[in-house]
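Mapping the sequence shown onto the working numbering, position 15 (from 1) lands on 15, and the numbers just tick up by one.
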Amino acid sequence: MICAWCSNSDDAESGEQSHGICAQCFKRILGIPLLDEADLDALPFGLIEVDSAGCVLRYNSAEQVLSGKPSADVVGKNFFTEIAPCTAIESFRGRLSSFLASDAEPESFQFAFPFPTGTVNVSIAFVNSGRGSSFVLVKRN
Ligand SMILES: [Zn+2]
């Protein structure tokens with residue numbers, strides 16, 4: 001099994017996986033809602049916090065670099081209609097709304113962003129923020 005987040009295959013002993021994520025990443029991702037603002041900004045991958053309506057609540061530093069959009073242009077807007085319409089499809093938006101509705105454990109999957117400059121393949125992970133919103137993690141592959 002290949003971890004959808006770190007792309008490493010787990011060795012047999014620690015081969016426990018949950019929702020496509022290896023045990024190590026799962027633990028790390030589970031800790032994200034406990035981080036403060038500065039720690040979230042220091043993460044080496046993109047983080048977008050969206051509420052159940054798709055409104056962006058937070059857009060960390062790495063995501064601003066990845067997307068080329070400053071946080072001020074994104075926070076308060078609708079992620080699926082105003083920021084990244086390419087994600088307004090069942091395999092992303094549909095997946096996220098079922099995730100938000102289910103109180104589920106973190107999950108990860110592969111996604112391709114069709115940016116104007118070319119397709120960017122990323123790993124996406126969802127983690128419940130514990131306050132009715134979800135963190136969407138974006139790591140460039
Ligand atoms: Zn992993």
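Ideal placement from N, C-alpha and C gives every residue a C-beta, glycine not left out.
DSSP three-state assignment for residue i, whether helix, strand or coil
i    : result
F79  : helix
R131 : coil
A23  : helix
Residue i CB to nearest heavy atom of ligand 1 below 8 angstroms
i    : result
I32  : no
C202 : Shown here, the chain extends from 1 to 141; a query on residue 202 therefore has no answer.
Q24  : yes
N141 : no
I21  : yes
N121 : no
N8   : yes
C3   : yes
Burial state of residue i, where buried means 16 or more other Cβ atoms lie within 10 Å
i    : result
I89  : exposed
K139 : buried
L34  : exposed
S134 : buried
E13  : Because E13 sits at a pLDDT of 48, beneath the cut-off of 50, its placement in the model cannot be relied upon, and the point is left open.
I2   : exposed
G54  : buried
Residue i Cβ short of 8 angstroms to ligand 2 heavy atom set
i   : result
N60 : Ligand 2 is absent from the structure shown, which contains only ligand 1.
> If we count Cβ pairs, one from each stretch, closer than 8 angstroms, do we get three or more for the segment 110 to 126 versus the segment 84 to 96?
Replying inline: yes
> Along the chain, which unbroken stretches of the alpha helix (DSSP H) at least 4 residues long are found entirely within the segment 31 to 105?
Replying inline: 37 to 42, 61 to 67 and 95 to 102
> Hey, is the segment 43 to 50 in contact with the segment 58 to 73, meaning 3+ C-beta pairs nearer than 8 angstroms?
Replying inline: yes
>> Measuring CB atoms only, is the segment 121 to 129 touching the segment 93 to 107, in the sense that at least three cross pairs come out at less than 8 angstroms?
In response: yes
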